[in-house]
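Those letters in the sequence shown? Residues 57 to 214, per this note's numbering, in order.
C-beta atoms are modelled at their ideal positions from N, C-alpha and C, and glycine is treated no differently.
Bear in mind the structure is a predicted one, so any value in this text is a computation, not a measurement.
Reviewing the structure listed below.
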Amino acid sequence: MHMHKFEKLWLIFGVASLLVFLSVLGVSAFHHGHHASSWSELIDPEKVDETEPFDEPGLKKVEGKDWDYELVFVASAFSYQPNEVQIPLGSTVKIIATTKDVIHGFQIPGSNINMMLEPGYVSEYIATLNQAGEFLVLCNEYCGAGHHLMTSKIEVIE
Ligand code: CUA
């Protein structure tokens, strides 16, 4: 079996991205009449800057979790915050991302990471970074005039 060489670089532990919407549908299918008053994966897109963890975009070391770092991204037309980040090689990282305005993409070419960031939702992805180097984050959802300029860079350092 041939494996694309980059697929090995990102060992994926799990994904919980925009399936919230599907979960809501699934829950309501057998739980009529009640709505969850708050859904942790939902966010007010108008208040992203004031809402944890998006009030502090970037890399944060965490303890006692299945991942070593949380990497928080805020997307908006036409940039990501942070626009560059360094992460130690071998780390397991939970990427947590949302958008302040329109739908944006979050794709790291050469990896399995390819999320859609939708206003009002939080997208998450857990990956172990076992290859040093620079990885581009690209927006792959057309979002306007600056779409093609919208990038960030993840540098995995030894
Ligand atoms: Cu953001 Cu295209």
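Taking contact to mean at least 3 C-beta pairs separated by less than 8 angstroms, is the segment 99-119 in contact with the segment 184-193?
Touching, no, given that fewer than three Cβ pairs across the two stretches are closer than 8 angstroms.
Who are the near neighbours of P101 in its chain, counting only those whose CB is closer than 8 angstroms to its CB and skipping five residues on each side?
Taken in chain order, the residues that qualify are T154, T155, K156, D157, P175 and G176.
Own chain residues within Cβ distance below 6 angstroms of N196, not counting five before or after:
The answer, listed in chain order, is G161 and Q163.
Any idea what DSSP makes of L145, helix, strand or coil?
In the displayed model, L145 falls within coil according to three-state DSSP, outside both helix and strand.
With DSSP as the reference, label V158 as helix, strand or coil.
Here V158 sits in coil by DSSP.
When you compare only the Cα positions, how much space is there between V193 and K103?
About 24 angstroms.
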